[in-house]
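Visitor: Note that the sequence shown covers residues 79 to 240 in our numbering. Below you will find the structure I want to go over with you.
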Amino acid sequence: MFKPLLLKKTQVKKPKTSLYNKVIGSITKKGKKNLAKKALNHSLYLTSKLYNISSSKILTKVLNQVTCYAEVRKVVKRKNISLIPFPVSKARQRFLKIKWFLYGVKLNKSKVSFMHKLREEFFKNLETTNYIKKERTLMNKLLIKNTSNAHFRWVSKKKTKK
């Protein structure tokens, strides 16, 4: 009798991407990564000079002000819409923090370059609580309102809408 040869699965480690690379990836539009890097580096440089903090610590300091352990997702089933709280993975937490930070930049409607808007958002978040914390409090209010729907988490992910 012939026995099949079983090969051990070797775990391929994914390279860890830094927070800097994640922010650049979410800033990049239409494949223009160099412009995104230039804008982020310039705003980090100016912010680091003003606050005497290394530019590598600014991103972590701004984005670590907020923690998000759960989020509310909209699930539609048989024309019924339910808001269901779901736990959030570390990668999703990072994505939400970056998304909320960049949405604060997007809300700035002044007629200046993106580089200056990004720098102003760093200033605002280092000095006072700003849009990121407001978004977190809105999410927490929704979570508290919809904790009774937590038993609906068994609904398949194919039917969830974000």
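Virtual Cβ for every residue (Gly too), placed ideally from N, Cα, C.
#1: Give me, in chain order, the residues of the same chain whose beta-carbon lies closer than 7 Å to that of L161; leave out the 5 immediate sequence neighbours on both sides.
#2: Does the beta-carbon distance from L141 to R172 come in below 9 Å?
#3: On a CA-only basis, which of F192, K184, N112 and Y98 is nearest S134? Give me that one, please.
#4: Just how far apart, CA to CA, sit G109 and K116?
#5: What residue ranges within the stretch 139–205 form continuous alpha helix (DSSP H) runs of no fewer than 4 residues, ordered along the chain?
#6: To the nearest angstrom, report how far apart V183 and K100 are at their CA atoms.
#7: What number of angstroms, rounded off, separates the C-alpha of K212 from the C-alpha of A114?
Guide: A quick look at the data gives this:
#1: V150, K152, L220, N224 and N227
#2: yes
#3: Y98
#4: 14 Å
#5: 168–185 and 192–205
#6: 16 Å
#7: 26 Å
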